[in-house]
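**Student:** Heads up: the sequence lines are chains A and B, in that order.
When we follow full-length UniProt numbering, the leftmost residue of the first sequence carries the number 1, and every step to the right adds one.
When we follow full-length UniProt numbering, the leftmost residue of the second sequence carries the number 1, and every step to the right adds one.
The C-beta atom is built at its ideal place from N, Cα and C for all residues, glycine as well.
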Amino acid sequence: MKVLIIEDEKTLAYEMEAFLKKAFYLCDMAHTFKDALEMLGINQYDFILIDLGLPDGDGLDILKQTKKHNPEAACIILTARGNLEDKVIGLDLGADDYLAKPFYLLELQSRMQAVARRKFNINVELLALGEFNIDLQKRLVLHPTAEIELSKKEFDVLSYLLLNKNRVLTRMQLSEHIWGTYADDDYDSNYIDAHIKNIRKKLNVFGTTDWLETVRGVGYRIKHR
Amino acid sequence: MKLSTKLVLFITGSKLAVALLFVLSLPFLVQQIASQFTNYTLREQKKKVISDVAKNGVDYYLQGEKNFGSYTMLKEEYIAIEQVQPNEHIDTIKNSQRVFVDKDTLNYRILSYTFKNGNQNYLLEIGKATSSINQYNKPLQRFALYILVALIALTLIIDLVFTRMLIKPLAKIIRTKLLHRKFPFRTPLEKVKTSTTDFSYLDESLVLLLDKINEAFAKEKEFTANVSHELMTPISILQSKMENLLADEPLSEEVSLRIIEMMKTLDRLKKISGSLLLISRIENEQYVKNDIVKPLNLFNDIIEEIGHRLQTQNISLTLNISPDAILKNVNYDLLFQLFYNLINNAIKFNIPNGRISITDKQHENNTYELKISDTGIGIAEDQLPFIFKRFRRTNSTEAVGHGLGLAIVKTIAIYHQVEIEVESKIGEGTTFKVLFVK
């Protein structure tokens, strides 16, 4: 997958590149509006990450250009403006997703995966997890003997861990993914722990959940294959 | 006392005083006028006598006698001509007494005048009884009093109407500029029409003052928005760096934990700027209020979002909301945030095995009330006025939250023109009432 990162904050762009490289994305970077248009003219991309606040132009104009020259690319808007209108206009102009800064790189990558699944029609079949099977589409946890009912949030936690398997997810990354950016008054809560406890309790009735690891002080990880 | 009442009272008082003075001085005035008029009449009569004498000679009156005298029936007037010494010369008008043959003594105003006819010097006396001069005094005084009182009553009504009209702009200025003004002052202020320069000066000064307040408020909003916004990029960079650092395996456990601590601190900073940014966005009216929200659905959504938090302390929650209730012209996300924060607090500051109840009530005066009560630790009475202030943590026994939760609640409430009432007792719990006025 080829990605163009359009971001005027070079440090941030490099961090995004470093993170995405590990997930085997090929990254190009553009730090100005002008560079971005040039690169879009030369290359074709699968993903274009557009920062709206560029010093020499409006990111929304890049989005329009992309839709002309590289229509099959998936576009994700990144912005610190946090302006609700931008979100609406961006999605109207054909952006596939919208992320407000500051975001976790893991969240960005997960959104890209989700967009890819949708856009490139990658059919996710049942994901095997020990004795269990997870149906992401129908949001079900299946065991040969039964269908296990998880609450909405519990399923979100489990599937997020599974989609990022073999990687330690911090409580903060999980919280932000599950609860989004509601201006929560708590900055050090253990609510994720309660969910994990419930998931284990519900699944342990049917089989072992030793694939779901607690990483002391850091967070959780699904270790699998 | 009202200004218009004061004005009318003062005007009436001064009018009455002037009128009273006039009525009291009336006898003197009448006397003055009467005596002047009497003098005039006496002089006219004198002129006539002198011209008669000049035309017909003094004998016209004397008829051969030495003296002449004549008076009216009741002796109100008399005239007399008599011979006097040739060198005597008199021309006066004065009050004096005259004694008549029948011993009648009367007060007269008398014109005395000497004139020559032939070789003789004569003295002419014309008198008018003073009692007859003063006879109009009493009725005049009475009539003047009646008329003046009537006039004062009439002008009082006119004054009342006029002062009302005069003061009207003042009442309008107070009503439009000062009373029931909800902060921030969004509606542009209209000039109050008045021809009284003092009022227009007051009006302009008030508009200027309100503009200044608005300006200061706008500056503060802009500052908050800018600071929070400018913080987002550096936070973004730091967060990404730490995330990458943490992903660089293998890391010793100690290093991982340190990075996690840093990330937690950064998360806190992120939430504070995020909350400040949210507040300034609401204050900048960046949210559209055209959603129709069913409170029952809203609370079900919120409970789905944070219901699991009840489990940690085994808190029971009862929801009793009428399914027909509807809120119009609101912003769903903001209301969600408002009640989310209130319920979150009710959970956070509750005691183990505590209770939370959420109820609604339709008041008769078109007010819809949503009430959230908890059996939590409560808020001290002296702290209640400050709970909506930014960064004011009243439950400061433990470091919970960043102190912006209720500030957000307040901002959303103001934006929706919703009233919030709080009752609380230490050790018993807290009740928040959110009042929607239609």
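Pull the bridge partners of B/Phe143 from the DSSP assignment, please.
**Tutor:** B/Phe143 pairs with nothing; no bridge assigned.
**Student:** Within 7 Å (strictly less), CB to CB, does A/Met172 reach chain B?
**Tutor:** Closer than 7 Å: yes.
**Student:** Using a threshold of 7 Å, state whether the C-beta atoms of B/Ser4 and B/Ile167 are closer than that.
**Tutor:** In this structure, B/Ile167 lies closer than 7 Å to B/Ser4 by Cβ.
**Student:** Which residue or residues does DSSP assign as beta-bridge partners of B/Phe436?
**Tutor:** Per DSSP, B/Tyr368.
**Student:** Can you name, in chain order, every residue of its own chain whose Cβ lies under 7 Å from the Cβ of A/Leu162, other than the five neighbours on each side?
**Tutor:** Around A/Leu162: Leu127, Leu129, Ile134, Ile222.
**Student:** Taking the runs of the alpha helix (DSSP H) that are 4 residues or longer, which of them lie wholly in the segment 29–84 of chain B?
**Tutor:** Within the segment 29–84 of chain B, the complete alpha helix (DSSP H) runs of at least 4 residues are 59–62.
**Student:** Looking at B/Ile260: is its Cβ nearer than 7 Å to the Cβ of A/Thr11?
**Tutor:** Not a contact, by the Cβ cut-off of 7 Å.
**Student:** Rounded to a whole number of angstroms, what is the C-alpha to C-alpha distance between A/Gly53 and B/Val434?
**Tutor:** Spanning the two alpha carbons is a distance of roughly 39 Å.
**Student:** Should B/Lys425 and B/Gly376 be called a contact, given that it needs their Cβ atoms to be closer than 7 Å?
**Tutor:** Not in contact: B/Lys425 and B/Gly376 (Cβ atoms no closer than 7 Å).
**Student:** Name the two residues that bound the continuous beta strand (DSSP E) containing B/Phe217.
**Tutor:** Premise fails: B/Phe217 lies in the alpha helix (DSSP H), 197–247, not in any beta strand (DSSP E).
**Student:** For A/Gly26 and A/Ala73, I'd like the C-alpha separation in whole angstroms.
**Tutor:** Reading off the sequence shown, one finds Leu at residue 26 of chain A, where the question assumed Gly. Their backbone Cα atoms lie some 14 Å apart in a straight line.
**Student:** Pick helix, strand or coil for B/Ile292, following the three-state DSSP scheme.
**Tutor:** DSSP places B/Ile292 in strand when its eight states are reduced to three.
**Student:** For A/Gly217, which residues in chain B fall below 8 Å Cβ to Cβ?
**Tutor:** The answer, in chain order, is Glu253, Ser256, Leu257, Ile260.
**Student:** Mind listing the chain B neighbours of A/Pro194? Cutoff is C-beta to C-beta under 8 Å, in chain order.
**Tutor:** The residue asked about is misnamed: residue 194 of chain A is Ala in this sequence, not Pro. Chain B residues near A/Ala194: His308, Arg309, Gln311, Thr312.
**Student:** Expressed to the nearest angstrom, what Euclidean distance is found between the alpha-carbon atoms of A/Asp97 and B/Asn290?
**Tutor:** Cα-Cα distance, rounded: 24 Å.
**Student:** For A/Tyr45, count neighbouring Cβ atoms within 10 angstroms of its own Cβ and tell me buried if that reaches 16, exposed if not.
**Tutor:** A/Tyr45 comes out buried.
**Student:** Would you mind reading off the limits of the beta strand (DSSP E) that contains A/Ile148?
**Tutor:** That run of the beta strand (DSSP E) goes 146–148.
**Student:** Chain B beta carbons: is any one of them nearer than 7 Å to that of A/Glu125?
**Tutor:** Taking Cβ atoms only, chain B never reaches closer than 7 Å to A/Glu125, which makes this a no.
**Student:** Taking the straight line between their C-alpha atoms, what separation do you get for B/Gln337 and B/Ser205?
**Tutor:** Computed Cα separation, rounded: 39 Å.
**Student:** Applying the criterion that 16 or more other CB atoms from any shown protein chain within 10 Å of the CB defines a buried residue, is B/Asn226 buried or exposed?
**Tutor:** Answer is exposed; the Cβ neighbour count stays below 16.
**Student:** I'd like the span of the beta strand (DSSP E) that includes B/Gln97, first residue to last.
**Tutor:** First-last of the beta strand (DSSP E) with B/Gln97: 91–99.
**Student:** Is B/Leu189 near the ligand HEM, with its Cβ less than 6 Å from a heavy atom?
**Tutor:** The model depicted lacks the ligand HEM and carries no ligand whatsoever.
**Student:** Check distances from the C-beta atoms of the segment 210–229 of chain B to those of chain A and list, in chain order, the residues that come in under 7 Å.
**Tutor:** Those residues of the segment 210–229 of chain B that come within reach of chain A (Cβ to Cβ, closer than 7 Å) are His229.
**Student:** Using the three-state DSSP reduction, which class does A/Met29 fall into: helix, strand or coil?
**Tutor:** Reduced to three states, the DSSP call for A/Met29 is strand.
**Student:** Output, in chain order, the set of chain A residues within a Cβ distance shorter than 7 Å of B/Ile235.
**Tutor:** Here the neighbours are Pro102.
**Student:** At a Cβ threshold of 7 Å, is B/Asn297 touching chain A?
**Tutor:** Judged by the 7 Å Cβ criterion, B/Asn297 is not in contact with chain A.
**Student:** For B/Ala129 versus B/Tyr108, is the C-beta spacing smaller than 7 Å?
**Tutor:** Yes, they are a contact pair.
**Student:** Closer than 7 Å by beta-carbon distance: list the chain A residues that pair up with B/Met263, in chain order.
**Tutor:** Residues of chain A passing the Cβ test: Thr170, Met172.
**Student:** To the nearest whole angstrom, what separates the beta carbons of A/Ile6 and A/Gly59, a pair I think is in contact under 8 Å?
**Tutor:** The Cβ separation is near 7 Å, so the contact holds.
**Student:** State the DSSP-derived secondary structure class of B/Asp360, mapped to helix, strand or coil.
**Tutor:** It is a strand residue.
**Student:** Could you check what DSSP says for B/Val330 in three-state terms: helix, strand or coil?
**Tutor:** Note: B/Val330 maps to strand in three-state DSSP.
**Student:** Against chain B, does A/Thr11 count as a neighbour if the rule is that its beta carbon must be under 7 Å from one of theirs?
**Tutor:** Yes, its Cβ sits closer than 7 Å to a Cβ of chain B.
**Student:** Quick check on this structure: which residue in A/Ile48, A/Lys153, A/Gly57, A/Leu142 has the alpha carbon closest to the alpha carbon of A/Val205?
**Tutor:** Looking at the Cα atoms, A/Leu142 is the closest of the given residues.
**Student:** So is B/Ser195 buried or exposed if we call it buried at 16+ other beta carbons inside 10 Å?
**Tutor:** Per the 10 Å Cβ criterion, exposed.
**Student:** Using a Cβ-Cβ cut-off of less than 8 Å, give me the residues of the segment 342–365 of chain B that come near chain A, in sequence order.
**Tutor:** Under the 8 Å Cβ criterion, the segment 342–365 of chain B contributes Asn344, Asn345, Lys348.
**Student:** Using a cut-off of 8 Å between C-beta atoms, extract the partners of B/Ala247 located in chain A.
**Tutor:** Phe19, Lys22, Arg167, listed in chain order.
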